[in-house]
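Each remark here refers to the structure printed beneath this line.
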Amino acid sequence: MISRLPLAASVRRRALATVSTSVASISVPEHTTALPSPKTAQDEEELQSSWVRLSGLPRAVAPADLYRHAASLGLVDLQNAHLDYKNFIPTGRGWLRFGKAEHAARAVKMLQSSRLAAHPLRARITKEIDIIRAGQPFRARGEKGRAEATERGLLTGNGPDARVKERGTCVYLWGLPGTTYSHDLARVLEPYGLRVTAEDEYPVRQIHRKTPTARFLVRLNTTSGAHRLVRDFHMTERFGPGYTVRAQVIY
8 MISRLPLAAS
18 VRRRALATVS
28 TSVASISVPE
38 HTTALPSPKT
48 AQDEEELQSS
58 WVRLSGLPRA
68 VAPADLYRHA
78 ASLGLVDLQN
88 AHLDYKNFIP
98 TGRGWLRFGK
108 AEHAARAVKM
118 LQSSRLAAHP
128 LRARITKEID
138 IIRAGQPFRA
148 RGEKGRAEAT
158 ERGLLTGNGP
168 DARVKERGTC
178 VYLWGLPGTT
188 YSHDLARVLE
198 PYGLRVTAED
208 EYPVRQIHRK
218 TPTARFLVRL
228 NTTSGAHRLV
238 RDFHMTERFG
248 PGYTVRAQVI
258 Y
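Per this note's numbering, residue 8 is the first one in the sequence shown, and the count goes up by one each step.
Okay, here's the thing in structure tokens:
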């Protein structure tokens, strides 16, 4: 009679030997090609971009200050400087556009270790489409959507330059009594040189907000007129006790 124990052991040994031979026959390549990172295309696009995004800016900064700061760092080929706004108030962010991508890359390195009015700056390369979409609703897509979003931006004051075309000659006034009307304010501000054009015959526009006080965007003919208006009205009670008016130039 044949014992089952030695037979079972023999079967197990043959099975293990077969598995070992199969594993040994598998060829493992010495070098494997890594899959490309999903961010490679995006990173490449940013490397070719000539736009720099800044943050940590003082709220009272103007584009001219950014040009002077860039010059003090030895940066060259700066083409444009834009400030970011939310509800016509600076956010402390901005954008610089250089003529070449390599100049933008060098600017990031220099700006990262710099200070502007004691404020440490942060800088990184960004894409032009990010500036176009800044301050616009996420759902804005296509040419029509961007046009509609831009039109809304003129009323909300969000994005680069607060979506205002005449940089340096527009003044944002807020804190006025809620009963103030545009035509009444226009008569008061007429000596400062209100800007009336065929495209826009209303130089004083009310910005509607759910607040008890009134806000207005005022368009003027000159930068000097805009600055004079701010000097005369900012932090005053020209429109009545308890109504401290605030004014600032939109750049």
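Backbone N, C-alpha and C define an ideal beta-carbon position, used for all residues, glycine too.
- Can the beta-carbon of V59 be found closer than 8 Å to that of T133? yes
- For D91, which three-state DSSP category applies? strand
- Task: Report the option in P65, A78, A114 and Y74 whose CA atom is closest to the CA atom of G99.
- Result: P65
- Item | Contained alpha helix (DSSP H) runs [length at least 4] in the stretch 194-253, N- to C-terminal order | 230-240
- Query: Would you call Y258 buried or exposed, if buried means 16 or more other Cβ atoms sit within 10 Å of its Cβ?
  - Reply: buried
- Query: With 16 as the cutoff for other CB atoms within 10 Å, does Q55 come out buried or exposed?
  - Reply: exposed
- What are the boundary residues of the beta strand (DSSP E) that includes A130? R129 to T133
- Item | Same chain only: Cβ atoms within 8 Å of S32, ignoring 5 sequence neighbours per side | Only weak support exists for where S32 lies, its pLDDT of 48 falling under 50; the coordinates are left without a value.
- Message: Can you give me the C-alpha to C-alpha distance between V252 and P184, rounded to a whole angstrom?
- Response: 9 Å
- Message: Can you list, in chain order, the residues of its chain with a C-beta nearer than 8 Å to that of S120? Leave out the 5 residues immediately preceding and following it.
- Response: none
- Query: According to the neighbour-count rule (16 or more other Cβ atoms, all chains shown, within 10 Å of its Cβ), is A221 buried or exposed?
  - Reply: buried
- Query: Going along the chain, which residues of its own chain have a beta-carbon closer than 8 Å to the beta-carbon of K107, five neighbours each way excluded?
  - Reply: S57 and D84
- Query: Between the C-alpha atoms of Y188 and Q213, what's the straight-line distance to the nearest angstrom?
  - Reply: 8 Å
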